[in-house]
Amino acid sequence: MGELRRTPLYRALHRPNLFLGGEREPVMMTAIICAGLAVSSLNLIAIMIGAGLWLVLIGAFRTMAKADPFMTRIYLRQLRYGAYFPARSRGSRLD
Numbered sequence: 003m004g005e006l007r008r009t010p011l012y013r014a015l016h017r018p019n020l021f022l023g024g025e026r027e028p029v030m031m032t033a034i035i036c037a038g039l040a041v042s043s044l045n046l047i048a049i050m051i052g053a054g055l056w057l058v059l060i061g062a063f064r065t066m067a068k069a070d071p072f073m074t075r076i077y078l079r080q081l082r083y084g085a086y087f088p089a090r091s092r093g094s095r096l097d
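Position 92 of the sequence shown, counting from 1, maps to 94 under this note's numbering, and the rest follow consecutively.
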């Protein structure tokens, strides 16, 4: 009963799941959309628009991930919150 048992926490088990420096889901979704835009139209203008959009959005996602690696999850969670919370309890509360 002398020492406490120490359990190592490996970084790979708790680090954020990033892809190309941004959150995995938004980066992959924009890659699919931009590639679909470029491949489906098969002209040079659409390919340039898709590549430009990809470069702008990957930069934005990397900036977001530097600020908070879970920013899109937090944003989606806050959308579910109510817009107004009254400063009183419900009528069903018994005092």
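Note that the Cβ used here is the ideal one computed from N, Cα and C, for glycine as well.
Being a predicted model, the structure only gives us computed values, none of them experimental.
query: On the three-state DSSP scale, how would you describe Glu123?
result: Residue 123 cannot be examined here, being either before or after the span of the chain that is shown, 3 to 97.
message: Please determine whether the Cβ atom of Leu81 lies at a distance below 7 Å from any heavy atom of the ligand SAH.
response: Judged by which ligands are present, the structure shown has none, so any question about the ligand SAH falls away.
task: For my contact list, Val29 and Ile60 are in at a C-beta cut-off of 8 Å; report their separation, rounded to the angstrom.
output: The beta carbons of Val29 and Ile60 sit about 7 Å from each other, so the pair counts as a contact at 8 Å.
task: Grab the span of the alpha helix (DSSP H) containing Gly54 for me, first residue to last.
output: Leu46 to Ala69
Element boundaries [alpha helix (DSSP H), containing Leu15]: From DSSP, the alpha helix (DSSP H) with Leu15 extends over Arg13 to His16.
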